[in-house]
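So the sequence shown is numbered by this note's numbering: it starts at 975 and just counts up by one.
Yeah, the Cβ is synthetic: ideal placement off N, Cα and C, and Gly gets one too.
These numbers were taken from a predicted model, which means no experiment stands behind them.
The block underneath contains the structure these notes are about, expressed in structure tokens.
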Amino acid sequence: MIKLVAFDVDGTLRDRDYLPESTRLALQRLQEQGIILTLCTGRSEYEMASLREELGIDWAITCNGTHIGYRGETVFGSAFAKDTVREWLEQADRLNQTLLLYGSEKMFTNRQDAPYFLQAQQEIGFMNPILLEFNQDVPDIYQCIVFCNEQDESLYVGEESNTYYMHRWRSWALDINPGGMNKAIGLQRLLDHLGISTNEAAAFGDGLNDWEMIEEVGLGIVMGNADDTLKQKTSFVTRSLREDGIAYAVDKWILQLT
């Protein structure tokens, strides 16, 4: 029996501002059965607030599992060391590169109107961050996006890149999270908190940073619009986002198990 369902956001629940009505109704059907819903995304708690409230979802696992919030309030968080963030800000200033830093309630950047950020904002949508210069006090930061090519990665993470969880989602954009964290770890922390077993959880995703979460749960479902590499890893592949993929999987694989 499924007691909790986790949803990636971009490419899974919605495509930019488009969220299918069938998805909205499917979430309502799950909630009517007493099933707990949570967002599970690489985006920040701050960015997810309006969507979470719109859908009536209490929980959000954000920053690739590094931050967990209940109705917007931090329940668990694994922030970077502040000295590390200061070093990254100094490095980015020297290299004329752009950082996007995710706190629990706000997003920050060291450089506004930068070309790569504007391109990402156009392609997938970002809320406007607050300017944070390297000599200002550093808040708790749970994820850093570096707009740089692969050759420059080592300038931020050093030679021991395995001390961080990293996800490159563009040739010029890299997510960096504290080591040992990913969506599966964040989801497991929430499941433990709620007293729900892994086998009682389902998860939807479409990106490679969703794989650990999909593999971990009792029912991991890949969207039909996902990369073929991800679809080949599981037997539960639903229709695409724009073909009512969430609703199809909810009715076929989740509600029939309740």
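Cβ shell of residue i (< 6 Å), same chain only, five flanking positions each side left out
{"i": "Pro1093", "result": "Pro is not the amino acid found at residue 1093; the sequence shown has Gln there. Same-chain partners within the cutoff: there are none."}
{"i": "Glu1021", "result": "Met1101"}
{"i": "Gly1153", "result": "Thr1137 and Tyr1138"}
{"i": "Ser996", "result": "Asp1218 and Ala1221"}
Residues bridged to residue i [DSSP beta-bridge criterion]
{"i": "Met1140", "result": "Ile1150"}
{"i": "Cys1014", "result": "Ile1035"}
{"i": "Gly1063", "result": "Reading off the sequence, residue 1063 comes out as Leu, not Gly. BP columns for Leu1063 are empty, so no partner."}
Span separating the alpha-carbon of residue i from that of residue j
{"i": "Phe981", "j": "Ala1066", "result": "33 Å"}
{"i": "Asp984", "j": "Ile1119", "result": "16 Å"}
{"i": "Leu993", "j": "Val1196", "result": "17 Å"}
{"i": "Asn1123", "j": "Asp1149", "result": "12 Å"}
{"i": "Tyr1116", "j": "Val1131", "result": "15 Å"}
{"i": "Asp1202", "j": "Asn1109", "result": "44 Å"}
{"i": "Leu1069", "j": "Met1081", "result": "21 Å"}
{"i": "Val1112", "j": "Cys1037", "result": "17 Å"}
{"i": "Thr1208", "j": "Val1191", "result": "12 Å"}
{"i": "Asn1151", "j": "Met1140", "result": "6 Å"}
Terminal residues of the beta strand (DSSP E) in which residue i lies
{"i": "Met1081", "result": "Met1081 to Thr1083"}
{"i": "Ala980", "result": "Leu978 to Phe981"}
Close Cβ partners of residue i (< 8 Å) along its chain, the five nearest in sequence each way excluded
{"i": "Ser1145", "result": "Asn1123 and Glu1124"}
{"i": "Ile1009", "result": "Ile976, Lys977, Leu978, Val979, Ile1228 and Thr1232"}
{"i": "Asp989", "result": "Leu1215 and Arg1216"}
Test: residue i CB closer than 8 Å to a CB of chain D
{"i": "Tyr1138", "result": "Of the protein chains in this structure there is only one, and it is not chain D."}
Own chain, CB closer than 7 Å to residue i, minus 5 neighbours either side, in chain order
{"i": "Ala1147", "result": "Tyr1090, Ala1094, Ile1119 and Phe1121"}
Start and end residues, alpha helix (DSSP H) containing residue i
{"i": "Ala1158", "result": "Lys1157 to Leu1168"}
Residue i beta carbon near the ligand FMN (any heavy atom closer than 7 Å)
{"i": "Ser1052", "result": "As far as ligands go, the structure on display features none, and thus does not contain the ligand FMN."}
Checklist line | the segment 1040-1052 contacting the segment 1154-1171, beta-carbon criterion three pairs below 8 Å | finding: yes
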